[in-house]
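What follows is one structure encoded as C-alpha cells, with my remarks underneath.
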Amino acid sequence: MGIGLFAKVSLVDDVQHPEIVGILEEFLSDSRDISIILPRRRFVPARVRSATDFLADAVAESI
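If you want it as C-alpha cells, here you go:
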C-alpha cells in the first residue's frame, strides 16, 4: 500500500484494477516530455530503430 504520482499513460492497463484508487485528483502535475537520446551516427541498428518506433507508437496510442 502506498501513494504515488504516475502518468496516466503508465497506468493505462491497471486503471480498472479495484486496488487502484485515485486520490487528490484535482491536483494535476505538469506534463512531462519523453526523450530518446541516440548517439549521432549514420547507421542506427535495426533493433534500436524498432524499439524507438515501438515506444513512439505506444505513447501515441495511449494519449
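Under the UniProt record's numbering, the first residue of the sequence shown carries the number 1, and numbering increases by one thereafter. We put the beta carbon where it would ideally sit given N, CA and C, even for glycine. From a predicted model like this one, the values you see are computed outputs, not experimental measurements.
Distance, residue j Cα to residue i Cα
i          : j   : result
D57        : G2  : 31 Å
residue 66 : F27 : Because the chain spans 1 through 63 in this model, residue 66 falls outside it and cannot be assessed.
E25        : R42 : 46 Å
G22        : Q16 : 11 Å
A46        : V59 : 20 Å
Whole-angstrom C-beta distance between residue j and residue i, which should lie under 8 Å
i   : j   : result
L55 : V48 : Going by Cβ atoms, the distance from L55 to V48 rounds to 11 Å, so no, they are not a contact pair.
S29 : L5  : 6 Å
Cβ neighbours of residue i in the same chain (closer than 7 Å, five flanking residues each side left out)
i   : result
V44 : L38
Contacts around residue i, its chain only, beta-carbon distance under 6 Å, and the 5 residues preceding and following it disregarded
i   : result
T52 : I36
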